[in-house]
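Heads up, the thing below is written out as structure tokens.
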Amino acid sequence: SEPGLVERAKAARAALGEKVFVLGHHYQRDEVIAFADVTGDSFKLAKEAAARPDAPWIVFCGVHFMAESADILTSDEQTVILPDLAAGCSMADMAQIHQVEDAWDDLVEAGVADDTIPVTYMNSAAAIKAFTGRHGGTICTSSNAKSALSWAFSQAGDGRVEGGTGKVLFLPDQHLGRNTWARDLGGSLEDCVVFDPHRPMGGLTRQQLQDARMILWRGHCSVHGRFTLEAVEQARREIPGVKVIVHPECRHEVVEAADEVGSTEKIIKTVAAAPDGTKWVVGTELNLVKRLAAEFPRQQIAFLEKNVCYCSTMNRIDLPHLVWALESLVDGRVVNPIKVDEDVAHYARVALDQMLALPG
Ligand code: 13P
Ligand code: SF4
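Per UniProt numbering, residue 41 is the first one in the sequence shown, and the count goes up by one each step.
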């Protein structure tokens with residue numbers, strides 16, 4: 041990017057001092073990460089936003105659902121700014137509130153709603169989080185999904201995970217739900233059903249809903265959904281001794297074939313702790329993989345698939361947008377504020393607070 045923009049970003053930051061706090065998700069471009077006060081996965085950034093009572097302006101370099109969550113977790117006097125409003129998330133868009141309300145009606149109709157607790161991935165609109173709060177559920181991220189699911193099953197039905205009667209409605213990422221159930225809780229894939237919001241009753245029978253333990257929403261990440269088992273096998277053939285590390289939004293067969301699975305923060309920490317000479321292929325967004333390769337030159341770090349795989353919405357936040365947001369603040373104008381409706385924010389906060397209260 042133009043050197044002039046770097047100077048302008050520095051000048052705006054200096055002029056704003058402590059009044060602005062810049063958060064950057066690990067999938068952001070290097071040019072944006074350079075100006076972040078804190079970088080993190082979505083759980084760490086939510087906690088950081090909640091822990092910053094002084095800064096009146098929080099510039100969130102990430103995607104819309106993260107900025108909404110930060111708005112919900114910060115005080116009314118603070119304003120969260122998303123430098124480009126088009127930075128959404130295709131997965132979050134796969135669960136619309138009217139679809140989720142209709143699905144809940146189907147669960148009521150099938151006689152299973154009373155035994156069901158919703159667990160909603162952070163990657164969702166605030167309205168879906170509010171639904172979760174109203175129905176006694178919790179939010180989770182990829183770094184606490186195991187703890188969230190264990191907690192939810194302790195609240196559902198007879199409170200037992202193994203052989204219990206409780207169910208979880210997992211929104212909106214079927215892969216994270218399935219992977220957490222099977223890998224972390226030792227659950228059987230036969231206990232999972234996929235609820236398709238575009239079909240009557242989710243495309244399921246009453247009996248299927250009654251027999252299921254995990255009702256997985258039919259959503260996925262368009263980036264992580266592209267990683268394949270074949271790519272893992274190819275890497276193992278071509279790079280002797282390679283270790284495969286992937287994000288839990290990847291498909292189940294990919295996660296099963298990997299050596300390590302974790303959130304973006306965990307991927308970074310795992311690579312950072314590995315000895316020189318370790319060979320990795322990494323199955324997550326490309327900005328992060330490239331940064332890892334640059335930061336740990338004594339290890340061999342490659343991308344799991346050969347085809348380019350940026351998250352196009354994460355990439356919408358670039359230095360020109362960040363400079364625009366910061367310079368506007370210097371001029372006394374707040375651009376792109378993210379303000380969640382009060383009623384929605386109240387119940388979404390119930391579900392987010394439940395997540396923050398989870399053990400571990
Ligand atoms: P993390 O919580 O691991 O940072 O993941 C967020 C995300 O959007 C992954 O696609
Ligand atoms: Fe959404 Fe996937 Fe992009 Fe994460 S990587 S923000 S889940 S589209």
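Note that beta-carbon positions come from the ideal geometry of N, C-alpha and C, so glycine has one too.
By the 16-neighbour rule on beta-carbons within 10 angstroms, Ser-352 is exposed. The C-beta distance from Leu-63 to Leu-85 rounds to 5 Å, short enough to fall under 8 Å.
Going by beta carbons, Ile-179 and Val-159 fall inside the 9 Å limit. Residue pairing from DSSP places Lys-319 in a beta bridge opposite Gln-340. Cα atoms of Gln-394 and Ala-91: separation of roughly 16 Å, rounded to the nearest angstrom. Gly-203 counts as exposed, since fewer than 16 other C-beta atoms from the protein chains shown sit within 10 angstroms of its C-beta. Ranked by Cα distance from Thr-205, the first of Thr-156, Gly-243, Ile-73 and Asn-219 is Thr-156.
At a cut-off of 8 Å, the beta-carbon of Phe-83 counts as near ligand 1: some heavy atom of the ligand is closer than that. For Pro-360, the enclosing alpha helix (DSSP H) begins and ends at 359–370. Taking 9 Å as the cut-off, the beta carbon of Arg-218 is found no closer than this to the beta carbon of Leu-211. DSSP places Met-134 in the coil class of the three-state scheme, outside both helix and strand.
Separation of Ala-365 and Gln-68 (C-alpha to C-alpha, rounded to the nearest whole angstrom) is 16 Å. Cβ contact annotation for Arg-246 (same chain, cutoff 7 Å, sequence separation greater than five): Ala-150, in chain order.
With a cut-off of 8 Å, the C-beta of Asn-347 is classified as distant from ligand 2, since no heavy atom of the ligand falls inside that distance.
Across the structure, Glu-270 and Met-162 are spaced so that their CA atoms are roughly 29 Å apart. If you check the CB distance, Ser-109 and Cys-261 do not come in under 9 Å. Within the same chain, Cβ atoms closer than 7 Å to the Cβ of Trp-221 are found at Leu-189, Gly-227, Cys-232 and Met-254, the five residues on either side in sequence being excluded. Below 8 Å, enough C-beta pairs join the segment 86–106 and the segment 161–176 to call them touching: three or more. Excluding residues up to 5 positions away in sequence, Gln-339 lie with their Cβ nearer than 7 Å to the Cβ of Ala-314 in the same chain.
In terms of Cα proximity to Ala-126, the closest of Ser-368, Asn-355 and Arg-373 is Asn-355.
Between ligand 1 and the CB of Glu-293, the shortest heavy atom gap is not smaller than 8 Å. Taking C-beta atoms as the reference points, Leu-392 and Ile-112 count as a pair closer than 9 Å. The beta carbons of His-361 and Asp-77 sit about 17 Å from each other, so the pair does not count as a contact at 8 Å. With a threshold of 16 other beta carbon atoms within 10 Å, Gln-214 meets it and is buried.
In this structure, His-215 has its CB at a distance of at least 8 Å from all heavy atoms of ligand 2.
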